[in-house]
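Encoded as structure tokens, the structure appears first; notes follow it.
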Amino acid sequence: MAKASLHQEFVQLIARHQKLIHSLCSLYYPLPEDRKDLFQEIVLQLWKSYPAFNYQSKVTTWLYRVALNTVFARIRKEKARPKTGPLSEKTDQLPALDSERTENSATQELYRAISQLSDEDKAIILLHLDEHSNDEIAAMMNMSRTNISTRMSRIKNRLSKLFKKEML
Amino acid sequence: MNTDDLKPLWEAYKEEVGNSMHWSEKELLQLIKPATVAYPWYQSYRHAILNVGVSVLLLGITSGC
Numbered sequence: 560m561a562k563a564s565l566h567q568e569f570v571q572l573i574a575r576h577q578k579l580i581h582s583l584c585s586l587y588y589p590l591p592e593d594r595k596d597l598f599q600e601i602v603l604q605l606w607k608s609y610p611a612f613n614y615q616s617k618v619t620t621w622l623y624r625v626a627l628n629t630v631f632a633r634i635r636k637e638k639a640r641p642k643t644g645p646l647s648e649k650t651d652q653l654p655a656l657d658s659e660r661t662e663n664s665a666t667q668e669l670y671r672a673i674s675q676l677s678d679e680d681k682a683i684i685l686l687h688l689d690e691h692s693n694d695e696i697a698a699m700m701n702m703s704r705t706n707i708s709t710r711m712s713r714i715k716n717r718l719s720k721l722f723k724k725e726m727l
Numbered sequence: 919m920n921t922d923d924l925k926p927l928w929e930a931y932k933e934e935v936g937n938s939m940h941w942s943e944k945e946l947l948q949l950i951k952p953a954t955v956a957y958p959w960y961q962s963y964r965h966a967i968l969n970v971g972v973s974v975l976l977l978g979i980t981s982g983c
């Protein structure tokens with residue numbers, strides 16, 4: 560009975576915050592099937608760590624921490640694996656969102672600009688745009704606050720250049 | 919660059935992606951609930967049956983039957 564309610568409680572929590580996980584998945588993987596795989600992996604990792612989550616930190620902080628750890632672990636694993644062929648190179652050039660969907664050009668520009676950042680910088684700007692403070696970002700990324708501030712100003716410069724390029 | 923200008927865009931992007939990739943509560947529940955595997959009734963007694971079988975065999979050998 561208690562187990563069933565824990566399942567229910569967790570599912571409701573994820574359902575409420577799933578947009579956050581989906582947007583994270585879409586920033587790291589352009590293909591819908593890869594995004595789906597990653598989403599499943601993140602939800603399972605969240606489920607594993609859910610009993611230890613005591614609501615002392617913000618739900619989004621916990622979600623991002625687990626999700627980013629899962630993403631980076633997956634990327635590390637993929638980098639360690641030998642490349643299979645030209646298919647993986649092609650995926651970098653695929654459009655951000657599914658073509659059948661109505662696309663908002665401004666959000667597309669933002670997506671394209673962010674997706675050109677490094678994996679760590681993507682996470683930093685994503686957390687920043689989601690209203691996390693530099694201290695929180697530093698804790699989630701296991702970096703110092705100074706490092707985050709330096710990176711943030713570099714990211715802002717890079718984004719501003721990328722946005723100008725997109726406008727041309 | 920002022921990133922505050924990007925925040926509404928990011929929210930719109932999240933909304934767009936979230937709506938297109940939405941999972942229902944039922945789907946999420948199926949993902950975290952492990953599939954139940956049906957074991958045959960004798961599976962739980964397997965160890966005990968094996969012990970009895972070996973004991974009978976050893977008894978038979980040592981008693982000369």
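Those protein sequences? They're chains A and B, same order as listed.
In this note's numbering, each residue's number is its place in the first sequence (first place is 1) plus 559.
In this note's numbering, each residue's number is its place in the second sequence (first place is 1) plus 918.
Every residue gets a Cβ at the ideal spot worked out from N, C-alpha and C, and that includes glycine.
Can you tell which of the options has its C-alpha closest to the C-alpha of residue i?
{"i": "A:V570", "options": "A:L579, A:L586, A:S582, A:W606", "result": "A:W606"}
{"i": "A:C584", "options": "A:L627, A:Y609, A:A574", "result": "A:L627"}
{"i": "B:L927", "options": "A:M699, A:D689, A:M711", "result": "A:D689"}
{"i": "A:Q599", "options": "A:A574, A:S664, A:F612", "result": "A:A574"}
{"i": "A:Q604", "options": "A:Y614, A:N613, A:V625, A:D596", "result": "A:V625"}
{"i": "A:L669", "options": "A:H576, A:S582, A:L572, A:M700", "result": "A:S582"}
{"i": "A:T629", "options": "A:K723, A:L597, A:A611", "result": "A:L597"}
{"i": "B:K951", "options": "A:S664, A:P641, A:V602", "result": "A:V602"}
{"i": "A:R635", "options": "A:S608, A:D678, A:K715, A:D694", "result": "A:D678"}
{"i": "A:I714", "options": "A:I673, A:A697, A:Q577", "result": "A:I673"}
Within 8 Å of any Cβ in chain A, is that where the Cβ of residue i sits?
{"i": "B:G936", "result": "yes"}
{"i": "B:Y931", "result": "yes"}
{"i": "B:W941", "result": "yes"}
{"i": "B:W928", "result": "yes"}
{"i": "B:L975", "result": "no"}
{"i": "B:V980", "result": "Correcting the residue identity first, residue 980 of chain B is Thr in this sequence and not Val. No, B:T980 lies away from the interface with chain A (no Cβ there is under 8 Å from its Cβ)."}
{"i": "B:I950", "result": "yes"}
{"i": "B:E968", "result": "It is Leu, not Glu, that sits at residue 968 of chain B in the sequence shown. By this cut-off, B:L968 is not an interface position."}
Any beta carbon from chain B within less than 8 Å of residue i's own beta carbon?
{"i": "A:R713", "result": "no"}
{"i": "A:I573", "result": "yes"}
{"i": "A:P654", "result": "Any reading at A:P654 must be qualified, since the residue scores a pLDDT of 47, below 50, and its modelled position is unreliable; no value is offered."}
{"i": "A:R710", "result": "no"}
{"i": "A:W606", "result": "yes"}
{"i": "A:D657", "result": "Low local confidence applies: a pLDDT of 49 at A:D657 is under 50, so the model's placement there is unreliable, with the coordinate-based value given in what follows. Chain B, which has a Cβ nearer than 8 Å to the Cβ of A:D657, makes this yes."}
{"i": "A:V602", "result": "yes"}
{"i": "A:Y670", "result": "yes"}
{"i": "A:S664", "result": "no"}
{"i": "A:K681", "result": "no"}
{"i": "A:Q675", "result": "no"}
{"i": "A:R594", "result": "yes"}
{"i": "A:S647", "result": "Because A:S647 sits at a pLDDT of 45, beneath the cut-off of 50, its placement in the model cannot be relied upon, and the following sentence gives the value as read from the coordinates. No, because no Cβ of chain B sits closer than 8 Å to the Cβ of A:S647."}
Locate the alpha helix (DSSP H) running through residue i, then write down its first and last residues.
{"i": "B:P926", "result": "925–938"}
{"i": "B:S962", "result": "First-last for B:S962: undefined, no H or E at that position."}
{"i": "A:L688", "result": "678–688"}
{"i": "A:F504", "result": "Only positions 560 to 727 of chain A appear in the structure, and residue 504 of chain A is not among them; the question remains open."}
{"i": "A:N613", "result": "That residue, A:N613, is in no alpha helix (DSSP H); it is neither H nor E in DSSP."}
{"i": "A:L590", "result": "Neither: A:L590 is in no alpha helix (DSSP H) and is coded neither H nor E."}
{"i": "B:Q948", "result": "943–950"}
{"i": "A:S664", "result": "664–674"}
{"i": "A:N693", "result": "693–700"}
Determine, using beta-carbon pairs with one atom in the stretch 581–592 of chain A and one in the stretch 564–572 of chain A, whether at least three such pairs fall under 8 Å. These segments do not touch.
When Cβ atoms are compared, which residues of the stretch 685–705 of chain A fall closer than 9 Å to chain B? Listed by position, the residues of the stretch 685–705 of chain A near chain B (Cβ gap below 9 Å) are L685, H687, L688, D689, E690.
The stretch 607–619 of chain A touching the stretch 959–967 of chain B, judged by at least three CB pairs closer than 8 Å: Too few Cβ pairs lie closer than 8 Å, so no.
Whether or not the stretch 933–942 of chain B and the stretch 698–705 of chain A are in contact is what I'm after, with contact meaning three or more pairs of Cβ atoms, one per stretch, closer than 8 Å; do they touch? In short, these stretches do not touch, since the Cβ pair count stays below three.
Give, in chain order, every residue of the stretch 612–636 of chain A whose Cβ lies closer than 9 Å to some Cβ of chain B. Along the stretch 612–636 of chain A, there is no position whose C-beta sits under 9 Å from a C-beta of chain B.
Beta carbons nearer than 8 Å to chain B: which residues of the stretch 577–589 of chain A have them? Under the 8 Å Cβ criterion, the stretch 577–589 of chain A contributes Q577, K578, L579, H581, S582, C584, S585.
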